[in-house]
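Below you'll find the structure, written out as structure tokens, and then a few comments.
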Amino acid sequence: MKKSIGRLVSILYRKNQVYLDIALKPLNITAAELPFIARLFARDGVSQEYLSSYLSIDKAATAKAVKSLALKGYVRKDKNPSDKRANQIYITEYALKQKDEIMKRLREWTEILTQGIDKAEVDTMHTVLDKMVNRVEDWEARRHGEDA
């Protein structure tokens, strides 16, 4: 019987969420909020719609995370001057001061995951996972095309 890739990915996802919730608790960030902060560190001043699309997270969950991060002082939400219906999301100075500590905790998880695995295997794993993500995104695009 084949081993289930989905089961292994699911286990890793759940363990990832638990670890990050514990590691980020002193910084008042949840595992669910981390992808938004990490993306904004890389590309600040983007729309909520961009964040949803880039992270493959539904708009309601994105709105909830952005609202929570704004209340905690990590992001600010401004209306897009060219489209008052859209929000632009920006990292705050407070978040920038926390960036090194946030990213350190994320790196620690990656180190736990890859401990004892050589670089070539990690590189191969990245390549294979990227291919899997691309296949799923292709499938979604085809499915949405059929729904239209």
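Residue numbers for the sequence shown follow our numbering, beginning at 21 and rising by one. No residue lacks a Cβ here, since even glycine has one placed at the ideal position from N, Cα and C. Note that the structure is predicted; figures quoted are calculated from it, not measured.
Check, Outcome
"How about Leu40 and Leu60: do their beta carbons lie closer than 8 Å?", "no"
"Just confirm the distance between the C-beta atoms of Gln68 and Val86, as a whole number of angstroms; I'd bet it's less than 8 Å.", "6 Å"
"Roughly how many angstroms separate the alpha carbons of Gln118 and Gly136, rounded to a whole number?", "29 Å"
"Which ranges would you report for the beta strand (DSSP E) in the region 83 to 151 if only whole runs of at least 3 residues count?", "95 to 100 and 103 to 111"
"Sort Asp120, Glu121, Ala81 and Tyr70 by Cα distance to Ala106 and report the nearest one.", "Tyr70"
"Between Arg27, Gly93 and His164, which has its C-alpha nearest Asn48's C-alpha?", "Gly93"
"Give a yes or no on whether 8 Å exceeds the smallest Cβ distance from Glu69 to chain C.", "Going by chain labels, chain C is absent from the structure shown, which holds only one protein chain."
"By alpha-carbon positions, which one of Lys23, Val29, Ser24 and Arg163 ends up nearest to Leu133?", "Val29"
"Does Ser24 pass the burial test, meaning 16 or more other C-beta atoms within 10 Å, or should it be called exposed?", "exposed"
"Determine, using beta carbons only, whether Lys97 and Ala90 come nearer to each other than 8 Å.", "yes"
"Nearest by alpha-carbon distance to Thr50: which of Thr130, Leu126 and Ser102 is it?", "Leu126"
"Near Tyr74, which residues of its chain fall below 7 Å by C-beta distance, leaving aside the five closest residues on each side in sequence?", "Arg59"
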